[in-house]
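These notes are about the structure you will find just below.
2 protein chains.
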Amino acid sequence: MWQDQTRCAQGGMTALCAASEQIRTFARTAQQIRAGTVILQDGDEFDKVILVVDGWLSSSKSFEDGEAQIIDFILPGDILYATNGDGTTVGLTLEAITDARVSIVPVRTWQTMLKASPDLARAVGRIRAAAQARTSERLLRLGKGSAPMRIAFAILELSLRLRSLGHDMEETFHLPLTQKAIGDYTGLSSVHVCRTMRRLVRHNIIETSDHIDIRILDLAALSEIAGIDVERLEQEITPTAA
Amino acid sequence: MWQDQTRCAQGGMTALCAASEQIRTFARTAQQIRAGTVILQDGDEFDKVILVVDGWLSSSKSFEDGEAQIIDFILPGDILYATNGDGTTVGLTLEAITDARVSIVPVRTWQTMLKASPDLARAVGRIRAAAQARTSERLLRLGKGSAPMRIAFAILELSLRLRSLGHDMEETFHLPLTQKAIGDYTGLSSVHVCRTMRRLVRHNIIETSDHIDIRILDLAALSEIAGIDVERLEQEITPTAA
DNA sequence: TGGGATCATTAATCCAGGTTAATCCAGCCG
DNA sequence: CGGCTGGATTAACCTGGATTAATGATCCCA
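Top to bottom, those sequences are chains G and F.
At the far end of the first sequence sits residue 274, using my numbering, and the numbering has no gaps.
At the far end of the second sequence sits residue 274, using my numbering, and the numbering has no gaps.
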């Protein structure tokens with residue numbers, strides 16, 4: 033399902049590719065990563081920029097006891113600045129959830145590219161801003177939201193992000209995630225994720241098939257539960273072409 | 033207490049000021065803001081960059097019912113990119129917690145400055161990276177951490193940030209925050225903030241005076257509870273001079 | 001074709017933290 | 001000096017979600 037976004041000109045990389053010839057080069061030379069591969073470990077030395085061409089990645093942090101929190105999902109067209117304030121180490125564990133293709137760009141090169149193309153710089157700014165807005169929304173819900181709100185929000189957030197990659201919101205969409213992963217993303221136990229999603233299904237708000245293919249039946253109800261206005265959220269968390 | 037960081041050459045602006053003459057100019061022309069002033073409202077049109085010269089700000093989001101979550105505290109030397117992915121609106125409410133001084137820089141100007149000074153660009157990159165690392169740590173704790181962990185972490189995080197502004201960690205430090213605000217930051221009710229802090233006091237881990245002047249008595253125990261290694265956290269969340 | 005894996009689902013039980021409300025304390029103002 | 005206000009503190013009670021555990025459903029592989 034995700035394999036069809038391999039060319040730069042389509043899918044999530046549109047904005048970036050339009051902006052810079054060099055990005056297209058990087059996209060072509062992206063390296064293939066197997067699902068499940070850990071690309072970076074929290075604490076590693078690493079100071080490069082990661083460009084996702086295709087597939088889903090997750091960035092997460094965890095405690096020694098193994099409890100993990102997914103910080104963000106990184107989708108095609110996203111850019112990850114994983115480096116800490118010290119400029120030399122990373123504070124995230126980065127893992128490929130599906131098979132993926134990523135380009136790893138040295139900061140030096142990256143900076144040169146940004147300087148060379150104001151369009152690219154603007155696009156990148158938007159992408160970072162969108163990521164930050166997403167994080168703020170999620171922080172709000174982790175701090176103050178109920179389980180149904182967190183789940184509803186996660187579904188809407190991901191479906192909007194997929195939409196901006198060219199998927200249709202009316203359609204069923206596939207999340208390459210276990211309920212455990214959704215729990216790690218929303219700060220809930222997998223059991224409670226299940227309960228909560230089942231409840232949404234029983235109320236005919238969403239429909240699931242194959243356990244994790246989701247279709248939104250009642251968008252109004254779902255956004256009510258999530259505590260958002262869909263148009264507004266889309267503006268916030270989707271990078272607009274500059 | 034915070035009024036002594038008014039000149040650019042000292043306090044939190046050191047890194048930035050060292051990097052660029054123009055920043056010094058901005059710092060000198062910073063505008064004075066009264067404690068309690070709401071500088072930006074979630075949803076406002078705004079696309080500038082905000083530089084904090086002096087004082088504490090908070091960025092927050094809230095639900096219609098008034099439940100608020102503080103996304104971050106913004107301290108002297110910090111830079112706030114508040115704009116959403118659409119490039120025109122903000123997704124945060126920005127408020128001055130104490131009297132403050134901030135410079136508001138148009139993106140255009142800002143970009144020019146960054147281009148002109150690679151040192152400044154690097155410093156800004158570090159500052160943004162530090163902010164992101166902070167957010168990740170907090171996301172982890174909001175999702176998976178207990179109340180004591182969240183409180184201990186907040187205390188340590190803020191004391192480290194103050195340390196990087198020149199305060200001494202051994203000393204008592206003042207947080208210009210009510211327990212309600214700490215709750216909004218940690219995703220807890222003010223009552224539970226109180227309970228939890230009292231417990232830390234009873235165990236001689238911290239000491240409080242005037243309700244919210246804090247002194248860390250047992251750093252080892254506190255970082256144990258917070259689930260961190262102090263040195264490591266400091267590297268992550270403190271922007272290193274480039 | 002029959003185990004093993006890995007996940008989803010559901011029910012039973014428990015507890016961390018929310019809620020409510022009463023009390024206290026300090027600063028402030030008339 | 002007395003009342004008022006905004007916070008901190010504490011206790012009593014309740015609930016949402018964690019935990020545990022049992023049961024299914026798929027898929028994989030020998």
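Glycine residues also receive a C-beta, built at the ideal position from the N, C-alpha and C atoms.
- Contact annotation: residue 180 (chain F) and residue 257 (chain F) have beta-carbon atoms nearer than 8 Å.
- Residue 92 (chain F) is not a Cβ neighbour of residue 106 (chain F), given a cutoff of 8 Å.
- Flagged as an interface residue toward chain G: residue 272 (chain F), by a C-beta distance shorter than 8 Å.
- Within the segment 156–171 of chain G, contact with chain F at the beta-carbon level (separation under 9 Å) is assigned to 157, 158, 159, 160, 161, 162, 163, 164, 165, 166, 167, 168, 169, 170, 171.
- Proximity of chain G to residue 267 (chain F) at the Cβ level (cut-off 8 Å) is accounted for by 116, 117, 118, 121, in chain order.
- About 6 Å separates the beta carbons of residue 74 (chain F) and residue 123 (chain F), which is inside the 8 Å limit, making them a contact pair.
- With contact defined as three or more Cβ pairs closer than 8 Å, the segment 222–234 of chain F and the segment 190–209 of chain F are not in contact.
- Following the DSSP letters along the chain, one finds residue 48 (chain G) in no beta strand (DSSP E) but inside the alpha helix (DSSP H) bounded by residues 46–51.
- In the structure shown, residue 67 (chain G) adopts coil according to DSSP, grouped into three states.
- Among the residues facing chain F, residue 101 (chain G) is included, as its CB has a counterpart in that chain under 8 Å away.
- Under the three-state reduction of DSSP output, residue 149 (chain G) falls in the coil class, being neither helix nor strand.
- Close CB contacts of residue 153 (chain F) within its chain, under the 6 Å cut and outside five residues either way in sequence, are with 146 (chain order).
- Neighbours of residue 147 (chain F) in chain G, taken as residues whose beta carbon is under 7 Å from its own, are 147 in chain order.
- In the same chain as residue 119 (chain G), and ignoring 5 residues on each side of it, the C-beta atoms closer than 8 Å to its own belong to 79, in chain order.
- For residue 185 (chain F), the enclosing alpha helix (DSSP H) covers residues 179–196.
- In the three-state reduction of the DSSP assignment, residue 174 (chain F) falls in the helix class.
- Of the residues assessed, residue 182 (chain F) falls on the buried side of the cut-off, its CB having 16 or more other CB atoms within 10 angstroms.
- In this structure, residue 159 (chain G) and residue 111 (chain G) form a Cβ contact; the two beta carbons are roughly 5 Å apart against a cut-off of 8 Å.
- Just measuring C-alpha positions, the residue of G:121, G:198, G:164, G:218 sitting nearest residue 187 (chain G) is G:218.
- At a cut-off of 8 Å between beta-carbon atoms, residue 197 (chain G) makes no contact with chain F.
- Under the 8 Å criterion on CB atoms, residue 174 (chain F) is classed as interfacial with respect to chain G.
- Residue pairing by DSSP places residue 125 (chain F) opposite F:92 in a beta bridge.
- Remark: three or more beta-carbon pairs, one from each stretch, lie closer than 8 Å, so the segment 126–144 of chain G and the segment 81–89 of chain G are flagged as touching.
- Neighbours of residue 259 (chain G) in chain F, taken as residues whose beta carbon is under 7 Å from its own, are 95 in chain order.
- Assigned with DSSP and collapsed to three states, residue 97 (chain G) falls in coil, not helix or strand.
- Scanning F:116, F:56, F:190 for the CA closest to the CA of residue 273 (chain G) turns up F:116.
- For residue 263 (chain F), the enclosing alpha helix (DSSP H) begins and ends at 262–269.
- Residue 192 (chain F) is positioned such that its CB atom lies no closer than 8 Å to that of residue 71 (chain F).
- Contact check for residue 121 (chain G) against residue 77 (chain G) passes: the beta carbons are separated by less than 8 Å.
- A straight line joining the alpha-carbon of residue 50 (chain G) with that of residue 264 (chain G) spans about 25 Å.
- For residue 240 (chain G), the uninterrupted beta strand (DSSP E) run begins and ends at 238–241, by DSSP.
- Interface residue (Cβ-Cβ distance to chain F less than 8 Å): residue 124 (chain G) is classified as such.
- For the pair residue 109 (chain F) and residue 45 (chain F), the CB atoms are nearer than the 8 Å cut-off.
- A distance of 8 Å or more separates the beta carbons of residue 254 (chain F) and residue 155 (chain F).
- Residue 132 (chain F) is bridged by DSSP to F:65.
- Selection F:167, F:261, F:246, F:84 evaluated against residue 252 (chain F) yields F:261 as nearest (Cα-Cα).
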